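Colleague: This is the structure I have questions about; it appears just below.
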Amino acid sequence: MVSALEAESGWPLLYNGGAGRKRMPRLEELTREERLHRMRHSAAHIMAEAVLKLFPGAKLGIGPPIDTGFYYDFDLPRPLTPEDLPRIEELMRERIASDVPFLHEEVSKEEARRLFADQPYKLELIEELEGDTVSLYRHGDFVDLCQGPHVERTRQVPEFKLLSVAGAYWRGDERNPMLQRIYGALFETKDELEAYLRRLEEAQRRDHRRLGRELDLFSFHEEFGPGLVYWHPKGARVRAIIEDLWRQEHYRHGYELVYTPHIGRATLWETSGHLDFYAESMYSPMDIDGQLYYLKPMNCPFHIQIYKSRVRSYRELPIRLAELGTVYRYERSGVLHGLLRVRGFTQDDAHIFCRLDQVKEEVEGCLDFMLLFLNAFGFREFNVYLSTRDAQGKYAGSQEDWEMAQSVLREAIQERGLPYQVDEGGAVFYGPKIDVKLIDALGREWQCTTVQFDFNLPERFDMTYVGQDGRHHRPYMVHRAMLGSLERFLGVLIEHYAGAFPLWLAPVQATVIPIADRHLEYARRVAARLREAGLRVEVDERPERMQAKIRDAQLQKVPYMLVVGDREAAAEAAAVRLRNGRDLGALPLDEIVDRLAREAAERTAPSPADE
RNA sequence: GCCGAAGUGGCGCAAUCGGUAGCGCAGGCGAUUUGUAAUCGCCCGGUUGCGGGUUCGAGUCCCGCCUUCGGCUCCA
527 MVSALEAESG
537 WPLLYNGGAG
547 RKRMPRLEEL
557 TREERLHRMR
567 HSAAHIMAEA
577 VLKLFPGAKL
587 GIGPPIDTGF
597 YYDFDLPRPL
607 TPEDLPRIEE
617 LMRERIASDV
627 PFLHEEVSKE
637 EARRLFADQP
647 YKLELIEELE
657 GDTVSLYRHG
667 DFVDLCQGPH
677 VERTRQVPEF
687 KLLSVAGAYW
697 RGDERNPMLQ
707 RIYGALFETK
717 DELEAYLRRL
727 EEAQRRDHRR
737 LGRELDLFSF
747 HEEFGPGLVY
757 WHPKGARVRA
767 IIEDLWRQEH
777 YRHGYELVYT
787 PHIGRATLWE
797 TSGHLDFYAE
807 SMYSPMDIDG
817 QLYYLKPMNC
827 PFHIQIYKSR
837 VRSYRELPIR
847 LAELGTVYRY
857 ERSGVLHGLL
867 RVRGFTQDDA
877 HIFCRLDQVK
887 EEVEGCLDFM
897 LLFLNAFGFR
907 EFNVYLSTRD
917 AQGKYAGSQE
927 DWEMAQSVLR
937 EAIQERGLPY
947 QVDEGGAVFY
957 GPKIDVKLID
967 ALGREWQCTT
977 VQFDFNLPER
987 FDMTYVGQDG
997 RHHRPYMVHR
1007 AMLGSLERFL
1017 GVLIEHYAGA
1027 FPLWLAPVQA
1037 TVIPIADRHL
1047 EYARRVAARL
1057 REAGLRVEVD
1067 ERPERMQAKI
1077 RDAQLQKVPY
1087 MLVVGDREAA
1097 AEAAAVRLRN
1107 GRDLGALPLD
1117 EIVDRLAREA
1127 AERTAPSPAD
1137 E
């Protein structure tokens, strides 16, 4: 039986073949998400068809939609090069223009095996599918194992662009063969696609690796060790400002700061269990007087020693120990990425040891502290992930403790009105955790804050406190980092601000620009006045033209340029120019000092648009 | 670690078919003393990532290694 609509359009509008057929909803009846999903998925099929045309022997992997487009994985006789992409795009456009329908069918597994006889990856998928039949989608001569749904006709696939070729393991498992993945971007309208491509370019422009060099913030010296950061004076300045604030705020929030060694004997790491479950990330030991010492990948065992240095009473809990602790971890060479993934980094680490009745308040304290602190850097939006245990895994700690901890974490998130997702089974074996990802100016997510329960280490190190009842009790332990690591956080900040740090963070807050040599002396006096007010000021004394000095200060993203010539010197003033190009004209020196000092003290975090 | 691409003065790039490694910026020196995004001239600077090989001759071709970039995997 053919419906009127089907008869009219000339192709079967079937969504589910066989029993329970229903009409495939028209695109305009769907939500934007559903439409995009179909369009991207269909584009992936069309791309697979094109690749198959160019490489008749190609073996197909999978080709799903993703949140900016689609990809498809192929096993090909030769490596793809970027030059192949336009050719594939061309074939795709031809197919889209031909406007053939997407047809859905259900066939028996047996038939599917025949159909995909020369497609080993598809055969593998067929075997793993449940039921006796499998679902196929066909357009033109191309057929793919696929649940769908798809668009009705190829012409409904809108603007797209193939972006890149990359390697990808079959089914994401590194023991499997490496396939070639083609990524494409696809949006409903040309404007949206272009906006997305512009955003990619913008991200490149903000790349912290590039800005780090241009603004003289940090460097890497690969020949002497990849993944190891060298902070230059200006980058170190920004870091020091953050660290100072961090220390100050920790004291204010009831933390005690500690310093611990960078190495510890093997026995420490045996007790902590790191040599069993974390050895892959640890560097080879060094022999000191016949004893093996390891560089620390974590600070926790050291903080535990401080806790254990004497008997603890329930009265002293909670004990909150915080440290900017530098750790070293082996990361596989292919994963290093600027400041965002390094081999040596400084965690803004803290460990809270407390009683059961204090757990909730402590977790809430962590979240509130985090919100307060990250707000100072202009981060207002966060995505929160709650990782819980699942039924299968092996976990340290009792069932009751886990339930307590998970509900405490959940309530803390909910009470703060933070949007969150639960990652069931995402917990590490020693306890449930909250991960907070901040959202930067480009809408990207960055993992920074983490709050983790630990039911393992207190046990392993036999930590105790003496309770009101005079008996020994096991304290609860919470690991917590707010910024994650200073290296990563600085990398995120650089990209967030596109290098244009707000005044309070800017390594150089103002550059005084004398117009001619005869203004040098006055320029120095201006700088001295500002420095007295605690501001970071430089005088550009180079024998350059004023225009060149302005340009350089601008490129260095210095917030304030203070131009001084005859008129300003006579009036005890400076002509104020902002890095966004705005010219405030000449202002009295007193007013400038007040204005800058106030702005710096307020730690305002203006939107990166000020750049 | 795996797949692909790449590595040429500090930075960004060029060099035909294998035939004398160039340019801009930065840097140094000199001149200029300037009013809101680059003043002019001169000069210095490279064993072409490292090691082998092919060749009369290698930045260019071949092999190995290192590193970076884009992904994958990993991220206790």
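Each residue of the first sequence is one higher than the one before, counting from 527 in my numbering. Glycine residues also receive a C-beta, built at the ideal position from the N, C-alpha and C atoms. Please read these numbers as outputs of a predicted model, since none were measured by experiment.
Suppose only complete runs of 3+ residues qualify. What are the beta strand (DSSP E) ranges in the stretch 893 to 959, listed by chain order?
Modeller: Segments of the beta strand (DSSP E) lying fully in the stretch 893 to 959: 908 to 914, 946 to 950.
Colleague: Which one of ARG731, SER839, GLU620, ARG639 has the shortest CA to CA distance from ASP995?
Modeller: When each option's Cα is compared against that of ASP995, the closest is SER839.
Colleague: Once you ignore the five residues that flank TRP474 on each side, which residues in its own chain have a CB closer than 6 Å to its CB?
Modeller: This structure does not reach residue 474, given that the chain is present from 527 up to 1137, and the question cannot be answered.
Colleague: DSSP puts GLU971 in a beta bridge; with which residues?
Modeller: ILE965, per the DSSP bridge assignment.
Colleague: Using the C-alpha atoms, what's the distance from GLU950 back to GLY667?
Modeller: Note on identity: in this sequence residue 667 is Asp, with Gly being the wrong assignment. Cα to Cα, the separation comes out at about 42 Å.
Colleague: So ARG739 is in the alpha helix (DSSP H); what residue range does that whole segment cover?
Modeller: From DSSP, the alpha helix (DSSP H) with ARG739 extends over 734 to 740.
Colleague: Could you give the distance in angstroms between the alpha-carbon of LEU1056 and the alpha-carbon of VAL1119?
Modeller: Cα-Cα distance, rounded: 6 Å.
Colleague: Just how far apart, CA to CA, sit SER631 and LEU671?
Modeller: This sequence places Glu at residue 631; Ser is not what is there. Going from the Cα of GLU631 to the Cα of LEU671 covers about 10 Å.
Colleague: Is GLU1013 closer than 8 Å to VAL764 when the C-beta atoms are compared?
Modeller: No. Outside cutoff.
Colleague: Judging by CA-CA distance, which residue of HIS999, ASP916, PHE987 is the nearest neighbour of PRO958?
Modeller: Comparing Cα positions, the closest option is ASP916.
Colleague: Check whether the stretch 1063 to 1071 and the stretch 1037 to 1054 touch, using three or more Cβ-Cβ pairs below 8 Å as the test.
Modeller: Contact holds: three or more Cβ-Cβ distances are below 8 Å.
Colleague: Looking at the strands, I want to know which residues DSSP matches up with CYS880.
Modeller: In the DSSP output, where bridge partners are listed per residue, CYS880 has TYR1002.
Colleague: Have a look at GLN1080 and LEU1104 and give me their C-alpha separation to the nearest angstrom.
Modeller: Between GLN1080 and LEU1104, the C-alpha separation is close to 8 Å.
Colleague: So, using beta-carbon positions, are TYR911 and GLN947 closer together than 8 Å?
Modeller: Cβ atoms of TYR911 and GLN947: closer than 8 Å.
Colleague: Just to confirm my understanding: we take PHE871, look at its own chain, exclude 5 residues before and 5 after, and list those with CB closer than 6 Å. What are they?
Modeller: Taken in chain order, the residues that qualify are SER1011, GLU1013.
Colleague: Name the residue from ALA1096, GLY891, THR607, MET808 whose alpha carbon lies nearest to the alpha carbon of GLU941.
Modeller: For the residues ALA1096, GLY891, THR607, MET808, the minimum Cα distance to GLU941 belongs to GLY891.
Colleague: Contact between the stretch 983 to 992 and the stretch 849 to 861: three or more CB pairs below 8 Å?
Modeller: No: the two stretches stay apart, fewer than three of their Cβ pairs being nearer than 8 Å.
Colleague: Counting beta carbon pairs with one atom in the stretch 645 to 662 and one in the stretch 680 to 691, are three or more of them shorter than 8 Å?
Modeller: No: fewer than three Cβ pairs fall under 8 Å.
Colleague: Compare the C-alpha of ARG736 against each of PHE713, LEU1122, VAL1018, GLU929 and name the closest.
Modeller: ARG736 has its Cα closest to that of VAL1018, out of PHE713, LEU1122, VAL1018, GLU929.
Colleague: First and last residue of the beta strand (DSSP E) that includes PRO1040?
Modeller: Start and end: 1036 to 1040.
Colleague: Where in the stretch 563 to 624 do unbroken runs of the beta strand (DSSP E), each at least 3 residues long, occur, reported from the N-terminal end onward?
Modeller: List check, beta strand (DSSP E) in window: 595 to 601.
Colleague: First and last residue of the beta strand (DSSP E) that includes ARG791?
Modeller: Run containing ARG791: 789 to 791, per the beta strand (DSSP E) assignment.
Colleague: Can you tell me whether DSSP reads TRP795 as helix, strand or coil?
Modeller: DSSP places TRP795 in helix when its eight states are reduced to three.
Colleague: If I measure Cβ to Cβ from SER933 and keep anything under 6 Å in the same chain, skipping five residues before and after, which residues do I get?
Modeller: For SER933, where only same-chain residues beyond five positions count, there are no Cβ hits under 6 Å.
Colleague: Grab me the residues of ALA584's own chain with a C-beta within less than 6 Å of its C-beta, minus the 5 sequence neighbours each way, in chain order.
Modeller: Counting only Cβ-Cβ distances below 6 Å, and skipping sequence neighbours, we find VAL577, LEU578, PHE600, LEU602.
Colleague: By the 10 Å Cβ neighbour count, where 16 or more other Cβ atoms means buried, how is THR975 classified, buried or exposed?
Modeller: When all chains shown are included, THR975 counts as buried.
Colleague: With a threshold of 6 Å on Cβ separation, who are the neighbours of LEU629 within its own chain once the five nearest residues in sequence on each side are excluded?
Modeller: Contacts found: ARG664.
Colleague: What ranges does the alpha helix (DSSP H) occupy inside the stretch 725 to 786, keeping only unbroken runs of at least 4 residues that lie completely in it?
Modeller: Qualifying alpha helix (DSSP H) stretches, in chain order: 734 to 740, 759 to 778.
Colleague: Is ALA1074 near VAL1089, with beta carbons less than 8 Å apart?
Modeller: Taking 8 Å as the Cβ cut-off, ALA1074 and VAL1089 do not qualify as a contacting pair.
Colleague: Thinking C-alpha only, which one of PHE981, ASP961, LEU801 is nearest TRP972?
Modeller: Closest by alpha carbon: ASP961.
Colleague: CB-CB under 6 Å to GLU714, same chain, minus the five flanking residues each way: which ones, in chain order?
Modeller: Contacts found: PRO684.
Colleague: In whole angstroms, give me the CA-to-CA distance for PRO605 and SER859.
Modeller: Approximately 22 Å between the Cα atoms of the pair.
Colleague: Is the CB-CB distance between VAL784 and HIS829 below 8 Å?
Modeller: A contact, by the Cβ cut-off of 8 Å.
Colleague: Taking the alpha carbon of ILE1020 as the reference point, which residue from GLU1070, LEU866, ARG566, GLU575 has its own alpha carbon closest?
Modeller: When only C-alpha atoms are compared, the closest one is LEU866.
Colleague: Using the Cα positions of ALA1049 and GLY693, report the straight-line distance between them to the nearest angstrom.
Modeller: Cα-Cα distance, rounded: 57 Å.
Colleague: Ignoring anything shorter than 3 residues, give me the beta strand (DSSP E) runs that lie fully in the stretch 679 to 713, in order along the chain.
Modeller: Listed in chain order, the complete beta strand (DSSP E) runs (minimum 3 residues) inside the stretch 679 to 713 are 686 to 695, 704 to 712.
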